[in-house]
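Line by line, the protein sequences give chains A and B.
Each residue of the first sequence is one higher than the last, beginning at 1 in the UniProt record's numbering.
Each residue of the second sequence is one higher than the last, beginning at 1 in the UniProt record's numbering.
Take a look at the structure below.
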Amino acid sequence: MTQAFLELRNIRKNFDSFTAIDGVSLQIPRGEFVTFLGPSGSGKSTTLYVVAGFIEPSAGEVLLNGRSLLGVPPNHRDIGMVFQRYTLFPHLTVAENIAFPLRVRRRPKAEIAAKVDEMLRLVHLSAMRDRKPAQLSGGQQQRVALARALAYDPQILLMDEPLSALDKKLREDLQSEIKRIHAETGVTVIYVTHDQEEALRLSDRIVLFNHGGIEQIGTGEDLYQRPASAFAAGFIGNSNFIDIEVLENRNNIGDVRCPDGSTLSGVPLMGRTQTGKAQIMLRPEHIRLTAEAEGIGGHVTDAAFLGDVMAHTVLTGWGQEIMVRTPRQMFMGPPAGVGDAVRLGFAPADAFLFVPH
Amino acid sequence: MLMDFARLGWMRWLLCATAGACTLFLLAPLVLLIALSFDSSPWLQFPPPGWTLQWYAQVFHDPDWLASFITSLEVGSCVTVLSVLLGLLCGFAITRGQFRGREILRGFFLTPMILPSIVLGIALYSAFLWLHIAGSFAGFVIAHLVLALPFSVVAITGALEQTDKSLEDAAMLCGAGLWEARVRVILPAIRHGLFGAALFSFLTSWDEVVVAIFMASPTLQTLPVRMLGELRQDLSPDIAVVSSLLVLATALLMGLAALFQKESAR
Chain A
1 MTQAFLELRN
11 IRKNFDSFTA
21 IDGVSLQIPR
31 GEFVTFLGPS
41 GSGKSTTLYV
51 VAGFIEPSAG
61 EVLLNGRSLL
71 GVPPNHRDIG
81 MVFQRYTLFP
91 HLTVAENIAF
101 PLRVRRRPKA
111 EIAAKVDEML
121 RLVHLSAMRD
131 RKPAQLSGGQ
141 QQRVALARAL
151 AYDPQILLMD
161 EPLSALDKKL
171 REDLQSEIKR
181 IHAETGVTVI
191 YVTHDQEEAL
201 RLSDRIVLFN
211 HGGIEQIGTG
221 EDLYQRPASA
231 FAAGFIGNSN
241 FIDIEVLENR
251 NNIGDVRCPD
261 GSTLSGVPLM
271 GRTQTGKAQI
281 MLRPEHIRLT
291 AEAEGIGGHV
301 TDAAFLGDVM
311 AHTVLTGWGQ
321 EIMVRTPRQM
331 FMGPPAGVGD
341 AVRLGFAPAD
351 AFLFVPH
Chain B
1 MLMDFARLGW
11 MRWLLCATAG
21 ACTLFLLAPL
31 VLLIALSFDS
41 SPWLQFPPPG
51 WTLQWYAQVF
61 HDPDWLASFI
71 TSLEVGSCVT
81 VLSVLLGLLC
91 GFAITRGQFR
101 GREILRGFFL
111 TPMILPSIVL
121 GIALYSAFLW
131 LHIAGSFAGF
141 VIAHLVLALP
151 FSVVAITGAL
161 EQTDKSLEDA
171 AMLCGAGLWE
181 ARVRVILPAI
191 RHGLFGAALF
201 SFLTSWDEVV
211 VAIFMASPTL
221 QTLPVRMLGE
231 LRQDLSPDIA
241 VVSSLLVLAT
251 ALLMGLAALF
261 QKESAR
């Protein structure tokens with residue numbers, strides 16, 4: 001990559017004594033769908049508003065095609081945005097809302113009319129063109145907002161949790177709609193959400209935020225399969241953390257001791273520690289319930305049939321609850337019930353080792 | 001609803017009677033006044049010995065009454081325009097500004113509502129004497145503006161607070177400058193508030209008498225001031241006529257307001 005399309009360089013933002021963003025650096029190529037994922041207060045929205053131009057960073061640089069955006073007011077940044085709240089202009093019809101950015105730019109009438117038609121087709125709302133926003137459902141309002149944000153062919157489309165006010169079914173419909181529109185228009189998208197499933201479903205790359213900084217950048221698969229930190233492992237997907245002690249390190253493969261005294265060998269240490277206290281993270285679907293003599297022992301405290309998977313909660317000998325998910329085709333014999341004594345089996349290579357700070 | 005009208009039983013009649021009594025109590029003086037304006041007796045005799053329109057003809061042909069009516073309209077209109085404009089700027093400052101003491105400022109804007117108007121009248125009068133604008137049209141407008149502005153600030157600030165700031169942000173990202181966004185998007189969104197502000201500002205000036213007495217001069221009198229002056233000299237049917245006209249004008253304004261509310265509710 002010679003020059004990034006959009007680049008954030010070491011952005012910081014302090015509000016009085018509180019640091020909202022603490023040194024965020026990021027490069028986004030043209031046409032990419034990037035999601036800022038993180039818990040609330042992690043700095044993801046603040047970073048988005050820095051790109052939009054509504055928040056001026058305390059330090060750092062925002063570059064679009066190598067040119068700084070910082071001195072450019074929001075209305076000249078050529079950025080489209082869909083907000084968390086409904087922001088259609090209440091006194092204008094759907095068509096007038098979509099035409100608004102073009103009217104502000106004093107485009108010729110014929111061009112505006114053609115563009116409004118095109119946008120209405122893009123979001124499948126041609127039949128609603130003369131409605132007022134108050135006559136639309138929440139999902140329809142956000143689709144019009146999307147059409148309005150794309151009407152002037154912006155360089156970048158920002159989306160700040162646009163679906164968070166909608167119910168689950170509608171949210172999933174609109175997610176596929178957003179994906180389709182991204183594919184059709186090729187616009188560069190920065191999408192903010194706290195919903196990991198939404199991030200996994202939509203994004204080319206996910207930027208995981210925590211405490212005002214970037215925890216990890218990667219594809220959904222990267223974050224799930226190769227989490228860079230315990231936070232990343234905990235935030236994407238379900239996870240069990242077990243406190244262990246690394247007894248021996250042989251070429252970055254370790255022997256570890258679990259809290260109940262049982263030992264495991266073959267745990268990848270990933271260069272994170274020599275010996276001593278650490279944690280391993282296990283995905284619930286990587287654990288099997290076995291009747292073998294090996295492995296961590298415990299008994300089942302909860303068992304639930306969830307259709308495609310069976311979910312168990314197992315209380316270990318040291319009093320920690322471990323989540324186990326068994327895919328349907330892996331069921332062997334009658335599934336374990338509440339109260340059954342079981343052993344937890346897993347491949348040591350599936351364990352992720354982290355050293356707590 | 002817990003208190004369903006249809007399920008109140010005999011209490012319904014009690015409720016209707018109470019409401020009727022209240023309405024009568026509120027309307028009776030007005031009805032009496034309007035009846036007196038058509039009274040054929042020149043001494044405001046009640047019940048009227050006969051009916052006439054001659055007092056109306058007399059008022060409409062009296063240049064003094066007309067002059068004070070025009071003055072009231074002019075002062076009221078100027079106050080309305082200035083009050084809405086200033087109220088809008090204050091509203092933006094209070095709701096969108098980020099500076100210390102915003103809440104104090106907000107309270108401060110309301111003080112003319114709390115101060116006794118006689119005190120305000122004296123204060124303004126002495127200030128205007130010093131500024132040499134006592135008895136002038138500008139003085140009149142400024143004095144009434146002080147009284148009207150709190151209503152305007154309250155109405156507009158309330159409307160702005162209910163309007164999401166992200167509406168403004170969205171308009172700006174669409175390419176509009178800050179003030180363009182405010183004029184093209186925020187103003188239509190708060191038009192109720194603006195209309196309310198205008199209505200209350202006008203009415204504040206229209207029926208204000210205490211401060212107006214200090215501001216008036218023999219050549220510059222609003223309708224209420226002139227009515228008071230007239231009353232002090234003698235009790236003529238003219239007063240009943242002018243009062244009835246005032247009631248009519250206010251009723252028309254309120255009707256207009258109701259129509260506007262209905263239109264924008266759609």
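Ideal placement from N, C-alpha and C gives every residue a C-beta, glycine not left out.
Paired residues, beta bridge with residue i - DSSP
i      : result
A:N14  : A:T19
A:G218 : A:I206
A:M159 : A:V82 and A:Y191
A:H299 : A:L315 and A:A341
A:L64  : A:L6 and A:R67
A:L37  : A:T193 and A:L208
A:E321 : A:L315
B:D39  : B:W51
A:I280 : A:I242 and A:L353
A:F305 : A:M310
DSSP three-state assignment for residue i, whether helix, strand or coil
i                      : result
A:P335                 : coil
residue 373 of chain A : Any question about residue 373 of chain A goes unanswered here, given that chain A covers just 1 to 357.
B:I190                 : coil
A:L344                 : strand
A:D350                 : helix
B:L209                 : A small fix is needed here, since residue 209 of chain B is Val in this sequence, not Leu. Three-state result, B:V209: coil.
A:K132                 : coil
A:G43                  : coil
B:P63                  : helix
A:M1                   : Bear in mind that a pLDDT of 47 at A:M1, under 50, signals an unreliable position, so the model cannot answer this.
residue 267 of chain B : Because chain B spans 1 through 266 in this model, residue 267 of chain B falls outside it and cannot be assessed.
B:W13                  : helix
A:D255                 : strand
A:Q27                  : strand
A:G234                 : helix
A:T263                 : strand
A:A59                  : strand
B:G20                  : helix
Environment of residue i [buried if 16+ CB atoms lie within 10 Å]
i                      : result
B:C16                  : exposed
A:F354                 : buried
A:R77                  : buried
A:S17                  : exposed
A:M330                 : exposed
B:A57                  : exposed
residue 267 of chain B : Within the shown structure, residues of chain B are numbered from 1 to 266, placing residue 267 of chain B beyond reach of any answer.
B:M254                 : exposed
B:F99                  : exposed
A:C258                 : buried
B:F109                 : buried
B:R7                   : exposed
B:V119                 : exposed
A:F100                 : buried
B:M215                 : buried
Inter-residue Cα distance where the pair is residue i and residue j
i      : j      : result
B:G76  : B:L231 : 23 Å
A:G298 : A:G139 : 47 Å
A:Y270 : A:D222 : According to the sequence displayed, residue 270 of chain A carries Met and not Tyr. Each residue's alpha carbon lies about 15 Å from the other.
A:P73  : B:G175 : 10 Å
B:I104 : B:S201 : 23 Å
A:Q216 : A:T47  : 15 Å
A:S176 : A:R201 : 9 Å
B:A35  : B:L14  : 30 Å
B:L86  : B:S152 : 8 Å
A:Q142 : A:F5   : 27 Å
Own chain, CB closer than 8 Å to residue i, minus 5 neighbours either side, in chain order
i     : result
A:M1  : For A:M1, the predicted model reports a pLDDT of 47, less than 50, meaning its position is unreliable; a value from the coordinates is still stated below. So the list reads Q27 and P29, once near-sequence residues are dropped.
B:T52 : F38, D39 and S40
B:S68 : Q221, T222, L223, V225 and R226
Beta-carbon proximity list for residue i, same chain, < 7 Å, skipping 5 on both sides
i      : result
A:S40  : H194
A:S58  : R12, K13 and N14
B:V209 : P224, V225 and L228
A:I244 : V256, R257, C258, A278, Q279 and I280
B:T163 : I186, A189 and I190
Close-in-space but distant-in-sequence residues of the same chain around residue i (CB under 6 Å, 5 per side omitted)
i      : result
A:I98  : V116, M119, A147, R148 and A151
A:G254 : V246, V267 and L269
Check: residue i C-beta below 6 Å from any heavy atom of the ligand ADP
i      : result
A:L125 : Because no ligand of any kind appears in the structure shown, any question about the ligand ADP cannot be addressed here.
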